[in-house]
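Trainee:
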Amino acid sequence: MTESTAQENRIGTDATVWKKAALVERYLGRVRKGVPMAEAQIDVMMRVIEGRGQPVENFLDLGCGDGILAATILTEYPEASGVLVDFSTPMIQAALRNLKEYSHALHLTTLDYSEPSWFDMVAARGPFDVIVSGYSIHHQPDAKKQQIYADVFDLLKPGGVFVNMEHVASSTPWVEARHDDFFIDSLWASQVGSEDAKSREEIAAAYHVREDKAANQLTSVERQCAWLRQIGFQDVDCYFKAFELAVFGGRRPFELPEREDA
Ligand SMILES: C[S@@+](CC[C@H](N)C(=O)[O-])C[C@H]1O[C@@H](n2cnc3c(N)ncnc32)[C@H](O)[C@@H]1O
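Here is the structure:
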């Protein structure tokens, strides 16, 4: 057994499954390309960012993966600098490869944003105009999700926006089954005609037993938007939703209300 295989065998059934090279390879090679309506989600994210009415000077990407969201921001705002956070070495390596041409303006860091120390490490490079996250925070328990959103609020410049592209909970098992069919159909369609194309049955079987599914801690988008409002975000909304795929977020106000205990 190689040292890296031994390390991977010690990885648990929580979000750390993303440290496994095989899962990263499957996600980047097959799953990300097959996410239903992915282009529409990215378009919505960019419209929210553009709504600031100013160029993006700097941004933060939490759970950046191979840098898919960062690449889109940098294409639109090539002068921007970015901090990209991910605790998976194979993902950070993929992001380094994909974003080579922007390397002078990027800081990629292998960091766990569920650890309290992450805030100070990132705050040293903030505050940020834009904070994005894609399909990452749903592995955290609810109390931790709320803490991360409060940290995100504190890391934004006045008027800065947070956009979370996220896997959220269905309202009932019946709706969840509709989501599963929607996702499987999209995964299947995205690889038809490729050299190693799989049948819909094979894709469905792999989808239902995937490792990262066991690590999900899904929460409804309504609940998460309510947390953002409580924290103080403005213009909070679910800007896009198709079954369990949502793009939601809000803006940090330019002026914060006076604290009662001040
Ligand atoms: C499903 S992938 C999404 C990657 C990319 N954002 C995208 O939209 O394709 C989830 C990513 O979040 C990262 N991640 C999950 N929990 C994390 C944590 N606590 N700290 C840092 N990264 C985390 C994983 O390593 C993985 O790269």
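Take 1486 as the starting number for the sequence shown in the numbering used here and just add one per residue. Ideal Cβ placement from N, Cα and C applies to all residues, glycine included.
#1: When the Cα of ALA1579 is compared with those of SER1566, LEU1593 and VAL1568, which residue comes out closest?
#2: Does the Cβ-Cβ distance between PRO1612 and LEU1640 come in under 8 angstroms?
#3: Provide the residue span of the alpha helix (DSSP H) that contains ALA1500, from first to last.
#4: Less than 8 angstroms between the CB atoms is what I'm expecting for TYR1587 and LEU1559, so what's the real figure, rounded?
#5: Taking the alpha carbon of ILE1527 as the reference point, which residue from LEU1713, ARG1736, TYR1724 and PRO1738 has its own alpha carbon closest?
#6: Is DSSP giving GLN1492 helix, strand or coil here?
#7: Ligand 1 and ILE1558: does any heavy atom of the ligand fall closer than 7 angstroms to the residue's C-beta?
#8: For HIS1623, which of SER1573, ILE1616, GLU1729 and GLY1519 has the nearest alpha-carbon?
#9: Pick out whichever of LYS1642, GLU1561 and MET1522 has its Cα sitting closest to the Cα of MET1650.
#10: Where does ASP1666 sit, in a helix, a strand or coil, going by DSSP?
#11: At what residues does the beta strand (DSSP E) containing GLU1740 begin and finish?
#12: Given this structure, state the Cα-to-Cα distance separating PHE1733 from ASP1722, to the nearest angstrom.
#13: Tell me where the alpha helix (DSSP H) around GLU1561 begins and ends.
#14: Taking the straight line between their C-alpha atoms, what separation do you get for PHE1796 and GLY1645?
#15: In angstroms, rounded to a whole number, what distance separates the CA positions of SER1737 and LEU1713?
#16: So, using beta-carbon positions, are GLU1671 and GLY1519 closer together than 8 angstroms?
#17: If you draw a straight line from the alpha carbon of ALA1515 to that of GLN1676, how long is it in whole angstroms?
#18: Using a Cβ distance threshold of 8 angstroms, determine whether the stretch 1604-1618 contacts the stretch 1528-1545, with at least three qualifying pairs required.
#19: Taking the alpha carbon of GLY1658 as the point to measure from, which residue in THR1501, ILE1616, LEU1703 and ASP1571 has its own alpha carbon closest?
#20: With 16 as the cutoff for other CB atoms within 10 Å, does GLN1625 come out buried or exposed?
#21: Along the beta strand (DSSP E) that carries GLN1719, what are the first and last residues, could you check?
#22: With ALA1700 and ALA1500 assumed to form a contact (beta carbons below 8 angstroms), what rounded beta-carbon distance in angstroms separates them?
#23: For ligand 1, I want to know if SER1573 counts as a neighbour, meaning its beta carbon is within less than 7 angstroms of at least one of the ligand's heavy atoms.
#24: Going by DSSP in three states, PHE1572 sits in which element: helix, strand or coil?
#25: Compare the C-alpha of PHE1604 against each of PHE1739, PHE1667 and LEU1547 and name the closest.
#26: Which runs of the alpha helix (DSSP H), 4 residues or longer, sit entirely within the stretch 1570-1621?
#27: Which residue comes first and which comes last in the alpha helix (DSSP H) that contains MET1531?
Mentor: Looking at the coordinates:
#1: The count along the sequence shown starts at 1 and reaches residue 1579 at position 94. Here the closest residue by C-alpha is LEU1593.
#2: Walking along the sequence shown from the start, residue 1612 turns up at place 127. Walking along the sequence shown from the start, residue 1640 turns up at place 155. Yes, the pair counts as a contact, with Cβ atoms nearer than the cut-off.
#3: The residue you call residue 1500 lines up with position 15 of the sequence shown. DSSP places ALA1500 outside any alpha helix (DSSP H), giving it a letter other than H or E.
#4: Walking along the sequence shown from the start, residue 1587 turns up at place 102. Walking along the sequence shown from the start, residue 1559 turns up at place 74. Between the beta-carbon of TYR1587 and that of LEU1559 there is about 5 angstroms, and that keeps the pair under the 8 angstroms contact cut.
#5: Looking up residue 1527 in the sequence shown gives position 42. It is TYR1724.
#6: Here residue 1492 refers to the residue found at position 7 when the sequence shown is read from its first residue. Per-residue confidence for GLN1492 stands at a pLDDT of 46, beneath the threshold of 50, marking its modelled position as unreliable; no derived number is given.
#7: Taking the sequence shown and counting its residues from 1, the one referred to as residue 1558 is at position 73. Not so, every heavy atom of ligand 1 lies at least 7 angstroms from the Cβ.
#8: Position 138 of the sequence shown, counted from the first residue, corresponds to residue 1623. The shortest C-alpha separation from HIS1623 is found at GLU1729.
#9: Here residue 1650 refers to the residue found at position 165 when the sequence shown is read from its first residue. When only C-alpha atoms are compared, the closest one is MET1522.
#10: Residue 1666 sits at position 181 when you count from the first residue of the sequence shown. Helix.
#11: Here residue 1740 refers to the residue found at position 255 when the sequence shown is read from its first residue. Element bounds for GLU1740: n/a, residue is neither H nor E.
#12: In the sequence shown, the residue the question calls residue 1733 occupies position 248. In the sequence shown, the residue the question calls residue 1722 occupies position 237. Approximately 6 angstroms between the Cα atoms of the pair.
#13: Numbered from 1 along the sequence shown, position 76 holds the residue referred to as residue 1561. Taken as a continuous stretch (DSSP letters only), the alpha helix (DSSP H) holding GLU1561 covers 1553-1561.
#14: With the chain covering only 1486 through 1747, there is no way to say anything about residue 1796.
#15: Here residue 1737 is taken as the residue at index 252 of the sequence shown, counted from 1. Here residue 1713 is taken as the residue at index 228 of the sequence shown, counted from 1. The residue asked about is misnamed: residue 1737 is Arg in this sequence, not Ser. In a straight line, the C-alpha of ARG1737 is about 10 angstroms away from that of LEU1713.
#16: Residue numbering aside, residue 1671 sits at position 186 when the sequence shown is read from its first letter. Residue numbering aside, residue 1519 sits at position 34 when the sequence shown is read from its first letter. It is Ser, not Glu, that sits at residue 1671 in the sequence shown. Yes, the Cβ-Cβ distance between SER1671 and GLY1519 is below 8 angstroms.
#17: Here the question's residue 1515 lines up with position 30 in the sequence shown. Here the question's residue 1676 lines up with position 191 in the sequence shown. With the sequence shown as reference, residue 1515 is identified as Arg, and Ala is not the correct amino acid for it. For ARG1515 and GLN1676, the distance between alpha carbons rounds to 8 angstroms.
#18: yes
#19: For the purposes of this step, residue 1658 is taken as the residue at position 173 of the sequence shown. Per the sequence shown, residue 1658 should be read as Pro rather than Gly. The candidate whose alpha carbon is nearest that of PRO1658 is LEU1703.
#20: Along the sequence shown, read from residue 1 onward, the residue named residue 1625 stands at position 140. The residue in question, GLN1625, is buried, as its Cβ has 16 or more Cβ neighbours within 10 Å.
#21: The residue given as residue 1719 occupies position 234 in the sequence shown. Per DSSP, GLN1719 belongs to the beta strand (DSSP E) from 1719-1727.
#22: Here residue 1700 is taken as the residue at index 215 of the sequence shown, counted from 1. Here residue 1500 is taken as the residue at index 15 of the sequence shown, counted from 1. Their Cβ separation, rounded to whole angstroms, is 5 angstroms, which keeps ALA1700 and ALA1500 in contact under 8 angstroms.
#23: For this step, residue 1573 is matched to residue 88 along the sequence shown. Checking every heavy atom of ligand 1 against the Cβ of SER1573, one is found closer than 7 angstroms.
#24: Taking the first residue of the sequence shown as 1, we reach residue 1572 at position 87. Three-state result, PHE1572: coil.
#25: Counting from one through the sequence shown, the residue named residue 1604 turns up at place 119. For the residues PHE1739, PHE1667 and LEU1547, the minimum Cα distance to PHE1604 belongs to LEU1547.
#26: 1574-1583 and 1603-1608
#27: The count along the sequence shown starts at 1 and reaches residue 1531 at position 46. It spans 1523-1535 - the alpha helix (DSSP H) in which MET1531 sits, taken as one unbroken run.
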